[in-house]
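A short write-up of the structure that comes next.
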């Protein structure tokens, strides 16, 4: 006997001779039997739970209308009332609450039918026939409407992508506030959605920043209390990384919500996901296909959505999953229109994909508060008319001061909960840096080191400077906070709390600080060690240590903290002091305990001491260190060294305290997709390279610059050499191998990040550097139809189609011979060439970067910078057609 599935595939279907019975048939039976009430059946359970128990009555004597005719009539009446401002005021309720609609807004009046039964009369003045089964359910409950009919046209007409110098929020706020009155004055989520849509339709960094600036200005002047939630939602998070708040939602919660709200079954949902590959796009299509709803959605607000996310994160214990599911379903249900559904779901899965990364948001905040302020604030702002008269160069200079101030504040205290309220109160003023300075138990973003090709490159960059060479240990970077009460907190380089992971270090802190030290913040490297011999162990050993609920007695992997910097002491910031002074304070005020707490091994040298530095580098690699870190000791050059090396004597003067760029800037072109280059950026570009015929170079500061990668700190790793650098890439796909490798994935597709739009740009395929054991483990991890493989993702830019797509989740360090222009790969297209992207020749796998998240993988701008360096040291023509790279993968 054939199965039901097979029967459905046959083409011999014959319609039943019995006529289909429509709604009129069933309602006719009810009227004939004079049924006074309608009992909910099993198909109406979900509907009943949403609308509450309501009695329905028929009246044979009244003019008969169909469900749809009556509903559309009611809807037209209610829409007319809304337009005339006749809607009753009511108190807004938070999204996700379990109240029924009748509880939220009671009916205007009740009628009694003489039998003690209450009929709910619609609010409309016109008497409405109740011959329909749903006619008595009331205004808030019944709304037979299309999913796209209720989009917020007021918000969607605001030209957020205008230049901020032409955009005036006050022109649009009267209509917006009138619309927000029904929500208690709260800004609607439609406004934020409109901003997301505008941002997502452009790759221009200028347009993205302008759009965010205009949204922020609208909220500053219209609803300042919604600004902080909007910033969190736009940056795809709800809390800083050092506060452990997780939504804890799986894909099943989103799937269930879409099935329930949009009426999809599992097969239809899977078809949509296979086609689009993005949960938000699936929600968009599902909402468009949802033709009718039985409930008038209550408009979402920005604050309501943000508070709902916190309710999801805070739901704990028994029944928490059900509570989370209800909130998710309510959010999806109340999303008005397909676009709101798209971004609600993307927010729930923590993958917003609008390109509003941290740096972009900080720039937007600084420019917005330069132009707007909330009602009642007294800080100074700039007049749009005056700024419009400035040249691009002078306008960039005006913007630059505020941008650097806001970035510096966020680097010292990386929490929008501190930054945004301070901006609302004081604006772009120096006081902002005082309000958002260093604080105990709040991690500052660590300073990062620049990359060099080899020792010779490092010595060239630091000519005329005194510097310290330090072992670069193969461990985990740690930031240790201790207050005057003795409380200790340890943070990782990603600002995550590691205090529970290292209880032995916490117990060590009282022993290492001398008398007179009340509070401090120091930085060091935690390394696995053999306490008896003092031998260092690799990072893999350290990674085996448990992360939570570690008890000192159960510790099996001993560690030593090698300290290298001191940023805060007894309530005073030390960031602006030279590295030599900070290091002296660290070593004089703390007590060394061998194999428990020590200083990084170091030597002081100059570029004339090449042999000494080379020997020190060899010592580091001999004991399994990654290489060495080289740090400038003083802000100014040594004048004697400058004379001896025939350098410009002006470089020996103290350098001005201004931040340096974090990466090489690209020239602005019509298709560059970058932010505008102003006077400051142009000056930095010039300073990055040595001028022909002179020794002038950019001044290097020895201060501690949080969240910056500067050449005043340089790392020289053992894997670096004169012909190849390394790059950190994300594996995103693979093909079935051939021959001996047919059971594994080989080659493997790798991508870099585009931090402007949040996508991943494929760079190369790799088959080198893998062991058989790695191949086997990799195939198990990314097994076909496993949890780590996905349908084609829309956020990966690649024209080909691998046999399987990987869920992006890890970072691999890759070596390579050189970088070529490629017609196949689009990575960094527009940064060095308008027609071609960049690819790697002879890529080789080195190791998995377990210390890095995918948000810290190399960017396309970093790849472009490596290409420029390569061109500078070897200006030869690139491969003509760029197709030689693909020849490497013929197995």
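Residue numbers (this note's numbering): 194 to 1084.
Just so it is clear, CB atoms sit at the ideal spot from N, CA and C, and this is done for glycine as well.
Just so we're clear, the structure is a prediction, and the values are computed from it rather than from any experiment.
| Asked | Found |
| --- | --- |
| Anticipated Cβ contact below 8 Å, residue 412 with residue 380, distance rounded | 6 Å |
| Any 3 or more C-beta pairs closer than 8 Å across the segment 525-536 and the segment 406-424 | no |
| Alpha carbon of residue 639 to alpha carbon of residue 456, nearest angstrom | 49 Å |
| Sheet register partners of residue 270 (DSSP bridge) | The partner list for residue 270 (beta bridge, DSSP) is empty, contrary to what the question assumes. |
| Those runs of the beta strand (DSSP E) which lie wholly inside the segment 574-654 and span at least 3 residues | 641-644 |
| Simplified DSSP state of residue 381, which is helix, strand or coil | strand |
| Where residue 672 falls: helix, strand or coil (DSSP) | strand |
| Between the CA atoms of residue 827 and residue 905 - distance to the nearest angstrom | 10 Å |
| Nearest-angstrom beta carbon gap, residue 660 and residue 824 [assumed within contact, 8 Å] | 6 Å |
| Beta carbon of residue 643 nearer than 9 Å to that of residue 566 | no |
| Distance CB(residue 1110)-CB(residue 791) smaller than 9 Å | With the chain running from 194 to 1084 in the structure shown, residue 1110 is simply not present. |
| Collapsed DSSP secondary structure at residue 374 in the structure displayed | helix |
| Nearest-angstrom Cα separation, counted from residue 1025 out to residue 1033 | 15 Å |
| Helix, strand or coil at residue 929 according to DSSP, with G and I counted as helix | strand |
| Cutoff 7 Å; reference residue 415; Cβ partners in own chain excluding five residues on either side | 362, 366, 369, 370, 380 |
| CB contact flag (residue 943, residue 800, <9 Å) | no |
| Boundaries (first-last residue) of the beta strand (DSSP E) holding residue 718 | 713-721 |
| Segment contact, 8 Å Cβ cut-off, at least three pairs: the segment 921-937 with the segment 959-974 | yes |
| Assigned secondary structure, residue 691 (DSSP; H/G/I helix, E/B strand, else coil) | coil |
| Under the three-state DSSP convention, the category residue 1032 falls into | strand |
| Nearest candidate by alpha-carbon position, reference residue 601, set 582, 559, 462 | 559 |
| Reduced DSSP secondary structure (H/G/I, E/B, other) of residue 531 | helix |
| Own chain partners of residue 831 with C-beta closer than 6 Å, once the 5 adjacent residues on each side are dropped | 659 |
| Residues that residue 477 bridges to, as DSSP identifies them | Answer is none; residue 477 lacks a bridge partner. |
| Where the alpha helix (DSSP H) containing residue 466 begins and where it ends | 459-469 |
| Closest residue to residue 545 among 474, 604, 614 (Cα-Cα distance) | 474 |
| DSSP-derived helix/strand/coil call for residue 937 | coil |
| Assigned exposure category for residue 1052 - 16 Cβ within 10 Å defines buried | buried |
| Identity of the residues DSSP links to residue 166 by a beta bridge | Residue numbering for the chain in the displayed model covers 194 to 1084; residue 166 lies beyond these limits and cannot be assessed. |
| Residue range of the beta strand (DSSP E) that includes residue 953 | 952-959 |
| Whole-angstrom distance between residue 693 and residue 166, CA atom to CA atom | As shown, the chain starts at 194 and ends at 1084. That puts residue 166 outside it, with no answer to give. |
| Cβ separation of residue 786 and residue 730, assumed to be a contact under 8 Å, to the nearest whole Å | 18 Å between Cβ atoms; not a contact. |
| Complete beta strand (DSSP E) runs within the segment 946-1007 (minimum length 3 residues, chain order) | 952-959, 997-999 |
| Neighbourhood of residue 454 by C-beta, 6 Å cutoff - its chain only, sequence neighbours within 5 removed | 525, 526 |
| Rounded C-alpha distance that separates residue 478 from residue 597 | 41 Å |
| Identity of the residues DSSP links to residue 790 by a beta bridge | 754, 786 |
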